[in-house]
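Chains as they are written, first to last, in this note's numbering: chain A, 1 to 959; chain B, 1 to 198.
Given below as structure tokens:
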């Protein structure tokens with residue numbers, strides 16, 4: 001009866017820890033016995049000159065030595081769990097529960113409870129290294145910056161700035177993310193991206209095109225107020241475990257129904273009251289079928305739709321096509337079950353909708369999330385506690401890095417790339433607009449979207465004539481990003497082989513360091529983790545927390561901001577990069593960067609969260625009520641925890657932050673607003689402005705976004721102070737009417753709007769018809785690789801097109817039938833113990849011990865047919881590039897018949913070959929295995945070039 | 001006097017393994033030894049349940065009754081501790097334990113398996129001190145600092161409860177009453193010979 005759920009997990013007879021070259025380095029306890037420093041651990045780096053290496057000490061507390069406590073925030077998922085560190089002699093010696101944090105109330109998951117290992121990090125990159133004729137050599141920071149810098153400048157000279165790819169990280173703190181975007185701008189490219197591309201880029205695009213902003217509307221804690229919760233395409237029990245305490249609270253306190261819709265019976269599904277198994281890639285049909293029952297029974301919120309939604313009739317027309325018969329034919333779900341789901345969601349309002357990568361990582365990702373958002377609008381679940389579209393972001397700061405423009409399509413605060421946006425940031429950065437233009441290959445490329453991270457290798461390999469830029473990508477910078485989390489790995493390896501320069505900046509070597517056929521021109525620079533620096537981090541619920549530095553950067557690692565500064569100095573724009581930002585010991589000061597963010601990012605309300613306010617929140621966490629996230633007492637009384645954006649105006653305005661986006665039940669000054677008026681005031685004679693308004697609004701109805709012109713028209717411009725007017729005049733020049741709530745650096749326009757009870761971004765209707773996107777109303781399109789060939793004629797993929805400077809294939813690939821050779825659907829997902837590409841977590845011995853092997857889940861029926869025994873080895877063949885992988889078979893009914901699931905965190909093996917030896921000695925992760933992305937295939941979302949990871953085809957054979 | 005117990009509310013356990021890594025982290029438990037683990041029943045099927053398991057610090061602990069060298073002691077709080085200096089690594093306790101709690105550093109089928117290792121309820125070693133020597137053998141004594149076992153304190157969903165049996169039993173009972181269902185406090189009746197809901 002008691003079964004181990006995974007081989008190797010919690011086994012009594014575990015294989016021993018894979019040997020490193022320098023096992024002595026592992027034994028932290030040995031350190032203590034030797035009172036630390038000189039002997040054991042330094043064997044790892046012996047003979048390399050110790051001057052700058054800061055050794056790590058033992059794990060346990062030395063009696064009699066004082067112990068300090070530091071507070072930081074977990075660096076794994078986006079729940080934002082506080083971490084309490086006990087620090088002795090500059091060494092992190094223990095972790096205590098952070099009971100005061102309203103986010104996690106002392107709790108952690110396996111990853112959060114193991115973060116201390118990161119700052120000991122036996123397998124961390126210890127000093128700069130480069131690959132010389134196939135072997136790794138140590139070099140100094142000075143020499144590394146010089147050599148890399150010279151090579152990059154040479155590439156820039158010959159091929160233009162767009163030939164260097166700057167791939168940043170969702171692990172950066174806000175300050176580094178912002179500085180990285182600024183750095184790329186000053187280098188002269190928009191080709192800078194991060195994990196959001198492969199995480200929630202489609203959510204951001206889809207949801208922002210519906211409501212106005214692309215972010216989670218409520219909070220994890222608020223899920224406890226829902227009367228029903230639907231999770232579709234997400235497995236928070238593994239990906240966001242601490243959020244489950246809030247979900248289960250709702251299930252237990254409110255007797256809430258928990259609906260899980262997923263092709264796989266996940267750990268979350270195990271706690272569902274209703275589990276719906278769907279065919280992968282049929283999200284839109286499932287949502288439309290649920291809505292079909294809603295409309296059929298008149299369960300929609302008619303008043304809400306009438307007052308706050310534009311275009312619902314066009315949705316009704318599409319939904320009408322998804323009656324029970326067609327729904328069952330396409331999705332494989334009994335119609336009666338979807339009716340039950342519709343009834344649960346309608347009859348138990350407020351009901352909440354949660355989604356993750358199952359929705360977003362699709363060729364139709366943007367359309368998917370729009371359909372999801374439309375369902376919540378139809379049910380009137382928006383802008384209320386217990387409702388909302390709750391988009392669980394993946395990495396600890398993927399929300400913040402997205403907000404701060406670490407993205408190929410926009411500058412910080414989603415201001416885009418047009419001249420107005422560049423001029424705005426020219427003012428914020430205090431540099432001449434003309435100088436910025438001069439940094440780019442052309443003004444046109446300055447205003448053109450860069451190349452997305454999912455396609456970087458296509459930009460290396462493609463014929464130059466296929467690219468809308470002067471030359472191929474020739475240098476790749478992977479700064480805190482895994483290689484194995486990106487699809488089409490076999491093609492990526494070719495791209496890596498062809499690069500002139502590959503630079504990895506990371507606490508770990510990552511799979512970038514070992515992929516491709518490279519003998520020279522690869523550099524590894526050790527960045528420290530977030531526990532070794534201070535700065536702010538934005539959780540999925542838009543609240544911002546401040547991390548204290550727990551310990552100083554270990555070994556020779558450096559903070560991200562410092563490395564950026566050193567490169568800027570080499571490239572000759574350090575002065576512009578850090579104008580108005582103090583630099584201490586080569587490290588740009590995080591507080592100063594945040595103040596600059598506050599000054600420049602009014603457009604998303606990143607303006608009120610000064611470092612002083614954020615630190616105050618961290619200090620007084622206990623004053624915040626976990627149920628509402630509002631401080632009831634103390635110096636933060638009235639604030640929402642972490643001042644969730646938008647936190648309007650300047651810090652002096654003391655806006656409390658926005659607990660629920662688009663909530664008209666509270667005044668704007670307390671975090672209320674309607675939907676953002678982002679698409680004009682009317683379309684085809686129909687108003688795009690709302691019919692209702694936030695309470696205490698002086699305008700009784702909808703209104704456009706605020707500009708000087710609007711203020712003047714309302715006669716409110718007189719409320720601006722002389723100082724504010726002076727700044728506005730300076731920005732506007734001859735035409736101050738155009739200065740808006742987004743570009744007004746004084747914050748005055750926002751202040752005056754709020755004073756009159758109005759939201760700076762206007763009061764518009766949510767838009768269920770996005771006329772600027774392909775498929776203005778989301779429609780079903782079969783995945784490019786689908787076994788249902790019979791559905792392609794009716795539901796084809798989009799035709800081939802061009803975007804992001806590249807060709808983008810769709811229909812031409814779909815028409816080639818691969819389902820005969822590759823009959824099974826391949827899908828992927830997360831495990832609780834690992835995160836992302838897993839370079840960090842697979843190197844953590846406390847986590848690595850739990851899951852020691854990559855595996856594939858296969859259904860019992862398929863396994864029987866193919867003669868595959870549980871726990872035997874299998875070959876899985878991918879549908880492109882002759883790809884194959886050996887994996888352990890887990891035979892169960894967790895996946896349905898015809899579906900194979902592989903967790904995506906593994907790396908370090910290729911087509912059955914172990915690449916452990918390609919890592920610098922001793923830095924290989926404890927666990928290696930085949931990445932699922934060696935098997936994934938071509939497929940990109942039309943709007944964001946999100947990769948398709950959830951539906952492709954494969955063939956399985958016994959090994 | 002409190003009677004310290006563990007209770008795992010299987011309705012809430014999500015198999016996140018926080019209890020496992022928290023324990024490893026707190027006590028620097030070496031690779032291969034698992035003082036706590038999560039087991040899953042009906043894996044991948046409807047009715048799937050996960051339970052966090054460790055030494056339950058049983059009433060009339062079977063390990064203690066079979067130990068040929070009498071290395072076990074039960075504290076006044078009911079915590080079962082063992083003396084590694086006395087342990088001969090015979091493995092009898094492993095066979096006696098209904099929870100598979102005792103762990104051995106050596107995998108040999110013959111001869112000594114090395115000193116047995118198991119959950120100490122974060123109460124350190126039998127001598128109660130927090131000395132580096134005791135830490136190396138048994139881990140930190142959190143109880144002496146007025147703290148509960150780290151696994152329960154960090155449990156992501158508050159599935160795993162630790163503390164005085166009457167208190168955690170009452171918490172569990174209240175939960176079951178409020179939500180109207182409970183799949184049982186796994187292992188409780190085996191370990192403590194009663195039920196938390198009576």
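Using N, Cα and C, we set each Cβ at its ideal position, and we do this for glycine too.
{"Asked": "Proximity of residue 404(A) and residue 181(A) at Cβ, strictly below 8 Å", "Found": "yes"}
{"Asked": "Inter-stretch contact (C-beta, 8 Å, three-pair minimum) for the region 239-249 of chain A and the region 797-805 of chain A", "Found": "no"}
{"Asked": "Where residue 230(A) sits in the DSSP three-state scheme", "Found": "strand"}
{"Asked": "Option nearest residue 676(A) by Cα separation, candidates 208(A), 94(A) and 111(A)", "Found": "208(A)"}
{"Asked": "Residue 457(A) - containing alpha helix (DSSP H), residue span", "Found": "456-461"}
{"Asked": "Three-state secondary structure assigned by DSSP to residue 949(A)", "Found": "coil"}
{"Asked": "C-beta contact flag for residue 806(A) and residue 455(A) at 8 Å", "Found": "yes"}
{"Asked": "Among 874(A), 906(A) and 365(A), the one whose alpha carbon lies nearest that of residue 779(A)", "Found": "365(A)"}
{"Asked": "Residues of the region 106-135 of chain B with Cβ closer than 9 Å to any Cβ of chain A, in chain order", "Found": "107, 130, 131, 132 and 135"}
{"Asked": "Residue 438(A) burial status per 10 Å Cβ neighbour count (16 or more: buried)", "Found": "exposed"}
{"Asked": "Where residue 22(B) falls, given that 16 or more other Cβ within 10 Å makes a residue buried", "Found": "buried"}
{"Asked": "Interface partners of residue 893(A) on chain B, CB under 7 Å", "Found": "44 and 45"}
{"Asked": "Whether residue 440(A) touches residue 118(A) by CB criterion (8 Å)", "Found": "no"}
{"Asked": "Opposing strand residues paired with residue 929(A) [DSSP bridges]", "Found": "908(A)"}
{"Asked": "When 372(A), 494(A) and 555(A) are compared against residue 91(A), the one with the closest alpha-carbon", "Found": "555(A)"}
{"Asked": "Test: residue 171(B) CB closer than 8 Å to a CB of chain A", "Found": "no"}
{"Asked": "Inter-stretch contact at 8 Å, needing at least 3 Cβ pairs: the region 852-871 of chain A / the region 889-896 of chain A", "Found": "yes"}
{"Asked": "First through last residue of the alpha helix (DSSP H) which encompasses residue 593(A)", "Found": "590-600"}
{"Asked": "Min CB distance residue 56(B) to chain A below 8 Å", "Found": "no"}
{"Asked": "Three-pair Cβ contact test at 8 Å for the region 744-752 of chain A versus the region 769-776 of chain A", "Found": "no"}
{"Asked": "Residues that residue 4(B) contacts on chain A, provided the C-beta gap is smaller than 7 Å", "Found": "By Cβ distance, chain A contributes nothing, its closest Cβ being about 18 Å from residue 4(B), past 7 Å."}
{"Asked": "Residues in the region 99-131 of chain A having any Cβ partner in chain B nearer than 9 Å", "Found": "99, 104, 105, 106, 107, 108, 109, 110, 111, 112, 113, 114, 115, 116 and 117"}
{"Asked": "Sheet register partners of residue 1029(A) (DSSP bridge)", "Found": "The question about residue 1029(A) has no answer, for chain A in this structure spans 1 to 959."}
{"Asked": "Min CB distance residue 949(A) to chain B below 8 Å", "Found": "no"}
{"Asked": "Whole-angstrom C-beta distance between residue 574(A) and residue 179(A), which should lie under 8 Å", "Found": "That belief does not hold up - the Cβ atoms of residue 179(A) and residue 574(A) are roughly 12 Å apart, past 8 Å."}
{"Asked": "Given 8 Å, three or more beta-carbon pairs between the region 216-236 of chain A and the region 346-357 of chain A", "Found": "yes"}
{"Asked": "Local Cβ density within 10 Å of residue 408(A), reported as buried at 16 or more and exposed below that", "Found": "buried"}
{"Asked": "Cβ-based neighbour list, residue 49(A), same chain, cut-off 6 Å, excluding 5 preceding and 5 following", "Found": "With a pLDDT of only 32 at residue 49(A), under the threshold of 50, the placement of this residue in the model should not be trusted; the figure read from the coordinates follows. If we look at residue 49(A) and ignore the five residues flanking it on each side, it has no Cβ neighbours."}
{"Asked": "Within chain B, the residues that residue 248(A) reaches when beta carbons sit closer than 7 Å", "Found": "12 and 157"}
{"Asked": "Residue 902(A) at chain B interface by Cβ criterion, 8 Å", "Found": "no"}
{"Asked": "Assigned exposure category for residue 253(A) - 16 Cβ within 10 Å defines buried", "Found": "exposed"}
{"Asked": "Interface flag, residue 31(B) vs chain A, CB-CB below 8 Å", "Found": "yes"}
{"Asked": "Every unbroken alpha helix (DSSP H) within the region 561-639 of chain A, with a cutoff of 4 residues, ordered by chain", "Found": "574-577, 590-600 and 611-619"}
{"Asked": "7 Å CB neighbourhood of residue 399(A) in its chain, flanking five on each side removed", "Found": "78, 215, 393, 538, 539, 540 and 542"}
{"Asked": "Cross-chain neighbours of residue 489(A) in chain B, by beta carbon under 8 Å", "Found": "By Cβ distance, chain B contributes nothing, its closest Cβ being about 27 Å from residue 489(A), past 8 Å."}
{"Asked": "Backbone secondary structure at residue 44(A) - three-state DSSP", "Found": "Because residue 44(A) carries a pLDDT of 30, less than 50, the predicted location of this residue cannot be relied on, and the following value inherits that uncertainty. Three-state DSSP puts residue 44(A) in a helix."}
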